[in-house]
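Numbering (the working numbering), first residue to last: -19 to 113.
Written out below as structure tokens is the structure these notes cover.
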Amino acid sequence: MEIVIVDSHKEVLPFWFKEYLKIKRPFVVVRIDKHHDMNQDCPTFPATEGRQNLKYLAKIMPYILEYTEEKIDEGNFTCPAFHYGIVGALYHFNPRENDINAYGRVSGQKFIDVPKTKREAILIGGKRSIRIV
């Protein structure tokens, strides 16, 4: 896996997508941070057909950069990674509290208890928006 240093946590999302396209399976994230960054509620990608299709994801990589910059924030950037099947498990270590939280878990070759997401239509300022919750 390519090692990257980002200033804003959310900037790692396009790198996660690129890595997923290389290895063709979900991966495990280990995060060391005082915040869990596991908030929900973020916009979906513009099209939903084939969202688990590698060709679809490769095709929309330029959009994923824009999506990361303009549509998500520091608290919800893991939500689309779980929704689109990029991350199978995330282990969060908070060094201030000395504990580890697991969002999904690795069991042999499988991921279990992966956070479940869904698409939901909501109204924002009178406009209908499709969100990941």
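Just so you know, even glycine gets a beta-carbon here, dropped at the ideal spot from N, CA and C.
State yes or no: is the C-beta of residue i within less than 8 angstroms of the C-beta of residue j?
i	j	result
Gly55	Asp17	yes
Pro95	Gly88	no
Ile66	Pro6	yes
Ile3	Phe25	no
Thr97	Ile110	no
Over the uninterrupted alpha helix (DSSP H) stretch that includes residue i, give me the two end residues.
i	result
His63	Thr58 to His63
When you compare each of the options to residue i by their alpha carbons, which one comes out closest?
i	options	result
Glu(-9)	Ala61, Ile3, Phe25 and Lys4	Ala61
Glu49	Ala82, Gly105 and Pro(-6)	Pro(-6)
Asp13	Pro75, Lys39 and Val(-16)	Pro75
Tyr0	Arg108, Arg99, Glu(-18) and Asp(-13)	Glu(-18)
With residue i as the anchor, note down where its beta strand (DSSP E) starts and where it stops.
i	result
Phe73	Val67 to Asn74
Lys(-2)	Counting along the chain, Lys(-2) falls outside any beta strand (DSSP E), though it belongs to the alpha helix (DSSP H) covering Leu(-7) to Ile3.
Could you check if residue i is buried or exposed, using at least 16 other CB atoms within 10 Å of its CB as the buried criterion?
i	result
Leu140	With the chain covering -19 to 113 only, the question about residue 140 has no answer from this structure.
Ile(-15)	exposed
Tyr43	exposed
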